[in-house]
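Protein chains in written order, with the working numbering: chain A, 1 to 130; chain B, 131 to 260. All C-beta atoms, glycine included, are put in the ideal place defined by N, C-alpha and C.
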DNA sequence: AACGCTGTGTAATAATATAACATTTATAAG
DNA sequence: CTTATAAATGTTATATTATTACACAGCGTT
């Protein structure tokens, strides 16, 4: 089987919910929302999430156990993510900073590790919450 | 009451277990280990973990829900952490790279966010697992 | 002594995530 | 078209991670 190009029904439903939200959604909140569309069990949501993460359509905010759509057409592969997170209002923004990305992409430690992915989360207060 | 300098009994017990491990430990595995020392409930462990994270004695590996001791005398404040994680053997190492830290510390986005913390996790394969 | 703060102990429960199994659908190869 | 196989589905049950709520203890300050 070739690499899948089109999303399946469940994957579309889940992606749709996430894309409509400007902010990260939690798995069980997604589950609640998609019950009306015939998705009944956590596993159905988690499987769709796994796939969507794998193909780079969404990212997981690890510190929040939540999922956000990738708005950057470039990052079709979910291997390099940078987010800023407001600790007050919990607003999350994906950051695209060429210089920083380059720096991270080129980073080499002194242990001979071979990197294929990174995730960076900045925490602080957004303009509104300062 | 002044800012606490010395750790309490439970905090010491939990820190001790984590410091003795070269690798990150999960909360419930810690709980299992400390039962013989009189800590019986998850909350007792989580409360100690929270405190230890807050004072920088340990760090949470967000993508693994696990906790590792901070071996760097400098990072007494848990506000700037960089880890490398082997996706095969799950070996985790804290990275200290002056240039990278500096770059991250100085990073400014274009939204006027005020950062006070970041966490960066690199994923890949370690030397042994390549 | 009265207060505030931090921590403790305990029980219950919430929130997040996966295992196991039977079945179905999609794609490619013969 | 048939068959083989990879990928996804549906369902039930369960594992794992983390928090709420409440009663109380210890310590330093006022």
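Sub-8 Å separation of residue 14 of chain A and residue 49 of chain A beta-carbons
Annotated as proximal: residue 14 of chain A and residue 49 of chain A, with beta-carbon spacing under 8 Å.
Check your understanding: Does the segment 220-229 of chain B come close enough to the segment 83-102 of chain A that 3 or more CB-CB pairs lie under 8 Å?
Key -> no
Member of B:239, B:170, B:215 whose CA lies at the smallest distance from the CA of residue 117 of chain A: Of the residues B:239, B:170, B:215, the one whose Cα lies closest to the Cα of residue 117 of chain A is B:215.
Worksheet item: Can you name the residues of chain B whose CB is closer than 9 Å to the CB of residue 93 of chain A?
Response: 239, 241, 243
| message | Does residue 130 of chain A come out as helix, strand or coil in the three-state DSSP assignment? | response | coil
Flag residue 260 of chain B as yes if its beta-carbon sits less than 8 Å from any beta-carbon of chain A, otherwise no. Any Cβ of chain A closer than 8 Å to the Cβ of residue 260 of chain B would place that residue at the interface, and such an atom is present.
*Through-space distance from residue 66 of chain A to residue 200 of chain B, alpha-carbon basis*: 26 Å
#### Entry: Cα-Cα separation, residue 112 of chain A to residue 103 of chain A
17 Å
Worksheet item: Hey, how far is the Cα of residue 1 of chain A from the Cα of residue 175 of chain B?
Response: Any reading at residue 1 of chain A is ruled out, since the residue's pLDDT is 34, under 50, leaving its predicted position unreliable.
- Message: Under 7 Å, CB to CB, which of the residues in the segment 32-64 of chain A have a partner in chain B?
- Response: 62, 63
Against chain B, does residue 26 of chain A count as a neighbour if the rule is that its beta carbon must be under 8 Å from one of theirs? no
Where the alpha helix (DSSP H) through residue 140 of chain B begins and ends:
139-150
Review point. Residue range of the alpha helix (DSSP H) that residue 160 of chain B falls in?
Key: 157-164
- Smallest Cα separation from residue 101 of chain A: which of A:110, A:79, A:114? A:79
Note down the Cα distance separating residue 105 of chain A from residue 188 of chain B, rounded to an integer number of angstroms.
27 Å
**Asked** For residue 190 of chain B, which beta-bridge partners are listed by DSSP?
**Response** Answer is B:197.
**Request:** Under 6 Å Cβ to Cβ from residue 193 of chain B, same chain only, skipping five residues before and after it: list those, please.
**Result:** 251
- Task: Quick one: grab the DSSP three-state call for residue 114 of chain A.
- Result: strand
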